[in-house]
Amino acid sequence: MSELNERCLDAFPEWLKTLADDALALGESLNDSETSPELRLRLAGVLNYLFKSLDLIPDGIEDLGFIDDSFVLRVALTGFTVDDSRETLLRLQKEAALVDEFLDETSARLHCFCGKLDESVARGRRASEIVQDAEVKEALLGDLKSWAASYTAPTFSRDEKNLVKLKSFLDHKLPR
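Count the sequence shown with our numbering and you get residues 53 to 228, in order.
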């Protein structure tokens, strides 16, 4: 097994375990008036992505269902300046490097996809409306808290076949 695959098989199950807490940390930053408007718009888009009924990998797919959400949380934050006190956001930004290394040439397509999350709509909410309208933002944050409370981390078997399937799914689903 390659060293990269070893690192991915070590990291990805952990990312699934922390997904709910990571998403809640993004919600806190979205709700913080000190967060830059550009980052708040991106956070709104990322959190909205969690509620899209048609995400890159359907959430019910065994071993892979929520890993795309974990990837999006990380990749979407790259390029933003984040205050040192926001440890979770800084960690997610650093972990995006493993996503890039794993996806190789498909990585650019994921970055492009994440860059368009600012325009996304889920549950009738646009990212821009979440940022501009306190009621819409509170509805999203309420949904986020409910989702996080009910989230159970799926398994991600330590099997290289899962990495092959994951790459294949993303290569097929990400816009070209």
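Glycine included, every Cβ here is placed at the ideal spot set by N, Cα and C.
Which one or two residues does DSSP pair with residue i in a beta bridge?
| i | result |
| --- | --- |
| ARG175 | Per DSSP, none; premise fails for ARG175. |
Along the chain, where does the alpha helix (DSSP H) that runs through residue i open and close?
| i | result |
| --- | --- |
| TYR101 | 89-102 |
| ASP73 | 55-83 |
| SER137 | From DSSP, SER137 is part of no alpha helix (DSSP H); its letter is neither H nor E. |
| ALA186 | 186-202 |
Excluding the 5 residues flanking residue i on each side, which residues of the same chain have their C-beta closer than 6 Å to its C-beta?
| i | result |
| --- | --- |
| ASP152 | SER159 |
| ALA148 | ARG126, VAL127, THR130 |
| ALA228 | A small fix is needed here, since residue 228 is Arg in this sequence, not Ala. Within the same chain, ARG228 has no close Cβ partners at all. |
| LEU61 | ARG210 |
Please state the DSSP three-state secondary structure of residue i.
| i | result |
| --- | --- |
| GLU86 | coil |
| PHE165 | helix |
| VAL151 | helix |
| PHE118 | coil |
| ASP211 | coil |
| THR130 | coil |
| ASP109 | Position check: residue 109 holds Ile in this sequence, whereas Asp was assumed. Coil, per DSSP. |
| ALA205 | coil |
| LEU226 | coil |
Ignore the nearest five residues each way along the sequence and tell me which others in residue i's own chain have a CB closer than 8 Å to its CB.
| i | result |
| --- | --- |
| GLU55 | none |
| THR87 | SER81, LEU95 |
Using a Cβ-Cβ cut-off of 7 Å (strictly less than) and excluding sequence neighbours within five positions of residue i, which residues of its own chain qualify?
| i | result |
| --- | --- |
| ARG111 | Note on residue identity: the sequence assigns Asp, not Arg, to residue 111. The answer, listed in chain order, is GLY117, PHE118. |
| PRO65 | PHE208 |
| LYS217 | LEU116 |
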